[in-house]
Each structure stands twice: as structure tokens, then as C-alpha cells.
Amino acid sequence: MRDSVKLLIILSFSFLLLELQNRLEGIIPISGLLAIMSLGIIIKQNYSVLAERLSVKYNKLWIAAEIFLFVLVGATVDLSYAFHAGIFAVLLVLGALMCRMAGVAISLIKTHLTKQEKLFCMIAYTPKATVQAAIGALPLTMGLDCGEIVLTVAVLSILITAPFGAICIDNLYKRLL
Numbered sequence: 753m754r755d756s757v758k759l760l761i762i763l764s765f766s767f768l769l770l771e772l773q774n775r776l777e778g779i780i781p782i783s784g785l786l787a788i789m790s791l792g793i794i795i796k797q798n799y800s801v802l803a804e805r806l807s808v809k810y811n812k813l814w815i816a817a818e819i820f821l822f823v824l825v826g827a828t829v830d831l832s833y834a835f836h837a838g839i840f841a842v843l844l845v846l847g848a849l850m851c852r853m854a855g856v857a858i859s860l861i862k863t864h865l866t867k868q869e870k871l872f873c874m875i876a877y878t879p880k881a882t883v884q885a886a887i888g889a890l891p892l893t894m895g896l897d898c899g900e901i902v903l904t905v906a907v908l909s910i911l912i913t914a915p916f917g918a919i920c921i922d923n924l925y926k927r928l929l
């Protein structure tokens, strides 16, 4: 059986697990995502050669999926909320970014990295986009009153951190590493 067929079977089974989670909600607690991760771990443990080949296929699939994700999130954003949120949303993103960088610094305390390498790690962890794009719209789709502002701040986070991280990484890696 070709790896492409195996990938489609695993994807289909993954969607089935997610739907099973939705159908059994309130009856039996089940996490479709944990089941899918467990499936991947079992494949990696028992047949690592297949896991590597499937990983290559999933990476190719992710290229197209990532485009859809960002286009759909961008199409959902209401720019009037961005102007309404204004400087407070930007300050929230910058504050969260500083906390994230502090967390990276704390996690690197007992390592043997130089100060420059630690600084680079802190900078390298600043760009955030995929998670924000994936979960930023969830409150909106759930019908929560805060949905628009959460999505707007998530998109602002992408627009601030992704270029900042990319520019800093490209310009500082030779000096810091």
C-alpha cells in the first residue's frame, strides 16, 4: 500500500475520532486529539521508518493547509475591531511577548549556552502565528461575546510577532550564534 493511501486512512481515522468525541460529549469523556497523538506515537514507536515517510507527506499537506488557515482567519477579521481595540491590544501583545521571552530566559538558566545564544533563543521564540490562527477564531465560532476581540488580538499578535521574529532572526543569527 502506498504511503499516500496510508496517509489518507490515518487522516480519515483522525476525523472519525474527532467526530466520535463530538458525538459522545457529555456521555463518555473522550479526547479525539489525544487519541490521534497516541496513534502517531504508536506508529513512531513500532514502525519508525513509516513514521518518517508519513511525516514527509504530512509536511507537504501542511503547506496547503496553512495557506487555507491564514486566508480564512484573515477573511474573518473585522478591521473596525482592530481600530477599536487600538493601542491596548498592541500593548497586550507586547506584554505577552515580554513574558514569553522571560519564560524562555528562565528555562535556559541552567544550560551551558552563552548570553548571546540565550538572547537568540528568546528572540527565536517570539514569532507566533499558527496557533493564534488556529484557535483565535474559536471564541467567535462558539458565539461568545468576546469572539471578535479575541480574533482581532490573535491576528494582531501574528502581524506583530511574525515580522519582528523573522527580521530579528535573519539579522542577528550571525552575531549571536
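Numbering (the numbering used here), first residue to last: 753 to 929. Glycine residues also receive a C-beta, built at the ideal position from the N, C-alpha and C atoms.
Residue nearest to residue i in terms of C-alpha spacing, selected from the options
| i | options | result |
| --- | --- | --- |
| THR878 | CYS920, LEU860 and GLU869 | CYS920 |
| ALA914 | LEU896, LEU892, GLY895 and THR882 | THR882 |
| LYS871 | HIS864, GLN884 and MET853 | Sequence inspection shows Leu at residue 871; the Lys mentioned does not correspond to that position. Answer by Cα proximity: MET853. |
| ILE910 | LEU890, ARG927, ALA886 and TYR925 | ALA886 |
| VAL757 | SER783, LEU806, MET789 and LEU791 | LEU806 |
| ILE839 | GLN773, ILE912 and ILE762 | ILE912 |
| LEU760 | VAL801, SER790, LEU813 and MET894 | LEU813 |
| PHE835 | LEU763, GLU900 and LYS926 | GLU900 |
| GLY917 | LYS926, ILE861, LYS880 and ASP897 | LYS880 |
| LEU924 | ALA876, LEU896, ILE793 and LEU892 | ALA876 |
| PRO891 | VAL825, SER766 and SER790 | VAL825 |
Integer-rounded CB distance, given that residue j should sit under 8 Å from residue i
| i | j | result |
| --- | --- | --- |
| VAL845 | LEU908 | 6 Å |
| MET874 | ALA857 | 6 Å |
| ALA742 | VAL905 | In this structure the chain extends from 753 to 929, so residue 742 is not present and cannot be described. |
| ALA803 | ILE795 | 5 Å |
| THR828 | ALA787 | About 29 Å; that fails the 8 Å criterion. |
| LEU929 | GLU869 | 6 Å |
| SER783 | GLN797 | Actually they are not in contact, since the Cβ atoms of SER783 and GLN797 sit about 20 Å apart, beyond 8 Å. |
The alpha helix (DSSP H) enclosing residue i, as first and last residue numbers
| i | result |
| --- | --- |
| HIS836 | 831 to 859 |
| ILE779 | No alpha helix (DSSP H) contains ILE779, which DSSP labels as neither H nor E. |
| THR828 | 800 to 828 |
| CYS898 | From DSSP, CYS898 is part of no alpha helix (DSSP H); its letter is neither H nor E. |
| THR893 | 890 to 893 |
| LEU871 | 867 to 876 |
| ALA885 | 882 to 887 |
Contact test: residue i Cβ vs the ligand SAH heavy atom, cutoff 7 Å
| i | result |
| --- | --- |
| ARG927 | Looking for the ligand SAH in the displayed structure turns up nothing, as the structure carries no ligands at all. |
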